[in-house]
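The structure under discussion appears below in the form of structure tokens.
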Amino acid sequence: MALGKFVLTQEIWQDIRRFGGTYSLVLLVLLSAFSVIYLTHLNRQTTIAVERLYTERDELDIEWRNLQLEQNSLAEHSEIEYKADRMLHMHRPKPTNEIIIKIP
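Numbering (UniProt numbering), first residue to last: 1 to 104.
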């Protein structure tokens, strides 16, 4: 039995030495295939991340535009005057209550 294993091991080793170039090429092809699979996976993950960033950018851009519109509407004189009158109960002073100070 031990002799049979030795003979089989010797046959396999001779086969590897005889077709070593072919085995090397098969190994290189397998490494290349796994490299392609891995790089494709990385490319897909990066593309997904970029798409998420584009979506976030678009959402932030929309929010920024809405805030600009709100700022413009709040900055209008009539809006400020309305809020001062209704919410803070502020009124324009009457001309008789105005005091003008002149600095020489």
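From the three backbone atoms N, C-alpha and C, an ideal C-beta is built for every residue, glycine too.
Check	Outcome
Same chain, Cβ closer than 6 Å to M90, five either side skipped, listed in chain order	A84
Nearest-angstrom Cα separation, counted from L31 out to H41	15 Å
Rounded C-alpha distance that separates E11 from L39	38 Å
I101 versus N66: straight-line alpha-carbon distance, rounded	43 Å
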